[in-house]
Amino acid sequence: MAYWGYALAIGALQTLRHGSSGAFTPLALVAENVIRASILFAMYAIFETLSDQSQGIPFVPFFSDPSHRFVALATLLLGLSLGLSSLTGQRHLDLLKQTSEKLNTYSEWLLGRDLLGRLIADPRALTLTRRERAVLFADIRGFTCWCEPRPPEEIVALINRYYDSAETVLKRHQAIKFKFSADEVMAVFPSASEAAAAARELKGEFAALLAPHDLGAGIGIHAGPLVEGLLGSGGVKFYDVIGDTVNTAKRIEGAAGAGEILISETAAGNLTQGERREIIAKGKDAPIVAYLLE
33 MAYWGYALAI
43 GALQTLRHGS
53 SGAFTPLALV
63 AENVIRASIL
73 FAMYAIFETL
83 SDQSQGIPFV
93 PFFSDPSHRF
103 VALATLLLGL
113 SLGLSSLTGQ
123 RHLDLLKQTS
133 EKLNTYSEWL
143 LGRDLLGRLI
153 ADPRALTLTR
163 RERAVLFADI
173 RGFTCWCEPR
183 PPEEIVALIN
193 RYYDSAETVL
203 KRHQAIKFKF
213 SADEVMAVFP
223 SASEAAAAAR
233 ELKGEFAALL
243 APHDLGAGIG
253 IHAGPLVEGL
263 LGSGGVKFYD
273 VIGDTVNTAK
283 RIEGAAGAGE
293 ILISETAAGN
303 LTQGERREII
313 AKGKDAPIVA
323 YLLE
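All the letters of the sequence shown, read from the start, carry residue numbers 33 to 326 under this note's numbering.
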């Protein structure tokens with residue numbers, strides 16, 4: 033009966049502790065530890081009382097022994113000590129959990145969920161490596177002029193919707209990494225076909241969002257070798273891609289008009305192509321050949 037009583041008391045305290053908040057939670061945790069610490073002493077007291085049938089009122093002769101009172105007090109203090117220790121540990125654990133959740137959120141903002149998972153599984157996964165990738169850039173045309181007469185709150189509201197629509201599309205098309213800077217979107221894909229599919233969907237999303245404001249976005253795509261991985265100093269690092277492929281993609285995007293997708297000759301392959309254009313780009317010895325993606 034005593035074991036059942038202890039089990040029910042501990043279960044009730046655990047239920048109350050996990051189902052409530054505020055000042056009662058730490059009190060329930062301490063009480064639970066006091067009850068746990070007293071189990072052996074209570075069993076001993078019951079055994080002694082039941083084995084001596086000559087005792088009158090139960091437990092009175094047992095607690096008349098000074099050594100029994102001392103053990104009872106020591107058991108109570110031990111339970112309180114364990115309870116306070118558990119309470120401190122639980123608070124540290126909760127703080128660690130909250131900090132871990134925040135760090136995970138911030139890390140996903142900087143790296144993205146897929147890259148973060150790869151990095152946790154293998155710390156060497158994001159070392160600087162030469163790879164073949166497709167790079168997409170998108171930028172809002174006329175955005176600076178549009179911003180000039182408007183309050184910053186209105187600008188931020190539009191940019192946030194622009195980012196949200198871009199993120200939804202880029203995640204759906206398996207973008208390895210994407211980042212936002214002012215009204216610019218940059219994304220890295222494993223293949224040009226995936227980048228083109230994302231660009232087509234982005235074109236529709238951006239048109240629906242920006243057309244009511246008399247704005248539009250130009251998109252450019254290029255594919256080729258680049259170096260990707262963690263860049264930075266000893267104390268601050270970030271994931272990025274570096275190389276002429278990235279620069280060329282940006283130059284192609286700069287030549288795209290509002291609502292247009294331009295893709296380089298290198299990346300176009302068997303994709304459906306429209307008008308051929310030659311782009312005179314700063315820093316390039318020869319014109320960049322690109323096609324209007326249909």
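Every residue gets a Cβ at the ideal spot worked out from N, C-alpha and C, and that includes glycine.
Query, Result
"Proximity below 8 Å, CB of E292 to CB of L324", "yes"
"H254 - partner residues in DSSP beta bridges", "V167"
"Close-in-space but distant-in-sequence residues of the same chain around R308 (CB under 6 Å, 5 per side omitted)", "Y323"
"Under 8 Å between C-beta atoms of A281 and I311", "no"
"Identity of the residue in N279, A228, S265 and T277 nearest L303 by Cα", "A228"
"Segment contact, 8 Å Cβ cut-off, at least three pairs: the region 187 to 195 with the region 155 to 164", "no"
"Continuous alpha helix (DSSP H) assignments of at least 4 residues falling wholly in the region 45 to 74", "56 to 69"
"First and last residue of the uninterrupted alpha helix (DSSP H) at I191", "P184 to R204"
"Residue burial classification, L190 (beta-carbon count within 10 angstroms, cutoff 16)", "buried"
"Cα-Cα separation, K314 to G248", "24 Å"
"Status (buried if at least 16 other CB within 10 Å, exposed otherwise) for A224", "buried"
"C-alpha distance - M75 paired with A34, whole-angstrom precision", "8 Å"
"Backbone secondary structure at R123 - three-state DSSP", "helix"
"Same chain, Cβ closer than 7 Å to I78, neighbours up to 5 away in sequence not counted", "A34"
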